[in-house]
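S.K.: Please find one structure pasted underneath; my questions will follow.
Residue numbers (my numbering): 15 to 196.
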């Protein structure tokens with residue numbers, strides 16, 4: 015089982031690293047891809063390094079992965095017109111892979127025309143910048159292969175939902191117990 019996480023400047027660190035940490039605890043291989051750079055700085059000045067760098071959509075192969083993870087944060091707004099990022103998202107959708115987006119990242123799904131007429135959740139106010147107006151007031155929303163989460167406060171719940179989709183309910187419950195999440 016493998017997942018790809020797109021990392022970028024000014025991402026929300028908790029949203030990225032909660033997913034990475036919990037998926038790895040579940041035994042899922044997580045590859046991180048820094049957009050344009052290997053070394054990046056989050057929105058709260060935490061410096062981190064990705065496993066790989068991608069500059070064009072062909073640098074990430076959906077057929078190698080079961081899911082794509084998109085953290086949020088103010089850096090999302092710098093990506094909305096970045097063709098390589100939007101193409102990666104579209105490629106995962108066309109490959110019928112799971113896509114997880116949290117906080118402002120559902121805006122990227124909207125820009126990539128991945129949400130279609132699916133309901134979603136996102137950070138409050140992000141929906142005002144989106145074509146899709148089917149926002150639900152919920153911590154997480156699962157709609158087919160698309161999972162969206164509202165923000166930092168739903169990062170653990172979102173990660174556990176992703177683990178359940180990838181490995182089943184028993185593994186989700188095992189990880190929840192391990193991290194004392196009830």
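Heads up, the beta-carbon is just placed ideally off N, CA and C, and yes, glycines get one too.
#1: From residue 30 to residue 23, what distance separates their C-alpha atoms?
#2: Could you spell out the range, first to last residue, of the beta strand (DSSP E) harbouring residue 46?
#3: Would you mind giving the Cβ-Cβ distance between residue 275 and residue 116, rounded to the nearest angstrom? I have them listed as a contact below 8 Å.
#4: Who does residue 62 pair with in a DSSP beta bridge?
#5: Which residue's Cα is closest to the Cα of residue 28: 163, 184, 188?
#6: My understanding is that residue 81 touches residue 108, with C-beta atoms under 8 Å, so please give their C-beta distance in whole angstroms.
#7: Residue 44: buried (16+ other C-beta within 10 angstroms of its C-beta) or exposed?
#8: Just to confirm, are residue 142 and residue 90 a CB contact at a threshold of 9 Å?
#9: With a CB to CB cut of under 6 Å and the five nearest residues on each side skipped, what residues in its chain are close to residue 39?
#10: Which term fits residue 66, buried or exposed, when burial requires 16 or more other beta carbons within 10 angstroms of its beta carbon?
#11: What is the DSSP secondary structure of residue 128, counted as helix, strand or coil?
#12: Roughly how many whole angstroms lie between the Cα atoms of residue 135 and residue 125?
#13: From residue 98 to residue 69, what distance separates their C-alpha atoms?
#14: Cutting at 6 Å between CB atoms, please list the residues of its own chain near residue 106, excluding the five before and the five after it.
#15: What does DSSP give as the partner residues of residue 68 in its beta bridges?
#16: Can you tell me whether residue 168 is buried or exposed? The criterion is at least 16 other CB atoms within 10 Å of its CB, across all chains shown.
#17: Taking DSSP's pairing of strands, which residues face residue 162 in a bridge?
#18: Run through the region 74-108 for me and flag every whole beta strand (DSSP E) of 3 or more residues, listed as ranges in chain order.
M.R.: Reading from the atomic positions:
#1: One-based indexing of the chain shown puts residue 30 at position 16. One-based indexing of the chain shown puts residue 23 at position 9. Here the alpha carbons of residue 23 and residue 30 stand approximately 12 Å from one another.
#2: Position 32 of the chain shown holds residue 46. Segment 43-49, the beta strand (DSSP E) holding residue 46.
#3: The first residue shown for the chain is 15 and the last is 196, placing residue 275 beyond what the model contains.
#4: Locating residue 62 in the chain shown gives position 48, counting from the first residue. For residue 62, which the question treats as bridged, DSSP gives the partners 54.
#5: Taking the chain shown and counting its residues from 1, the one referred to as residue 28 is at position 14. Out of 163, 184, 188, 163 has the C-alpha closest to the C-alpha of residue 28.
#6: For the purposes of this step, residue 81 is taken as the residue at position 67 of the chain shown. For the purposes of this step, residue 108 is taken as the residue at position 94 of the chain shown. Contact flag wrong, Cβ pair sits at about 14 Å.
#7: In the chain shown, the residue the question calls residue 44 occupies position 30. By the 10 Å Cβ count, residue 44 comes out buried.
#8: Looking up residue 142 in the chain shown gives position 128. Looking up residue 90 in the chain shown gives position 76. Their beta carbons are not under 9 Å apart, which means residue 142 does not touch residue 90 by this criterion.
#9: Position 25 of the chain shown holds residue 39. Here the set comprises 189.
#10: Your numbering for residue 66 matches position 52 in the chain shown. The residue is exposed, with fewer than 16 neighbouring Cβ atoms inside 10 Å.
#11: The residue given as residue 128 occupies position 114 in the chain shown. Coil, per DSSP.
#12: As a first step, residue 135 must be located in the chain shown, where it is residue number 121. As a first step, residue 125 must be located in the chain shown, where it is residue number 111. Going by the C-alpha atoms only, they are around 15 Å apart.
#13: Along the chain shown, read from residue 1 onward, the residue named residue 98 stands at position 84. Along the chain shown, read from residue 1 onward, the residue named residue 69 stands at position 55. Here the alpha carbons of residue 69 and residue 98 stand approximately 7 Å from one another.
#14: As a position in the chain shown, residue 106 is number 92, starting the count at 1. Closer than 6 Å at Cβ, skipping near neighbours: 76, 82, 113.
#15: Residue numbering aside, residue 68 sits at position 54 when the chain shown is read from its first letter. Residue 68 pairs with 49.
#16: Against the chain shown, residue 168 aligns to sequence position 154. By the neighbour-count rule (16 or more Cβ atoms within 10 Å), residue 168 is buried.
#17: Working through the chain shown from its first residue, we reach residue 162 at position 148. DSSP lists 115, 155 as partners of residue 162.
#18: For the beta strand (DSSP E) assignment, the uninterrupted runs of no fewer than 3 residues enclosed by the region 74-108 are, from N- to C-terminal side, 81-84.
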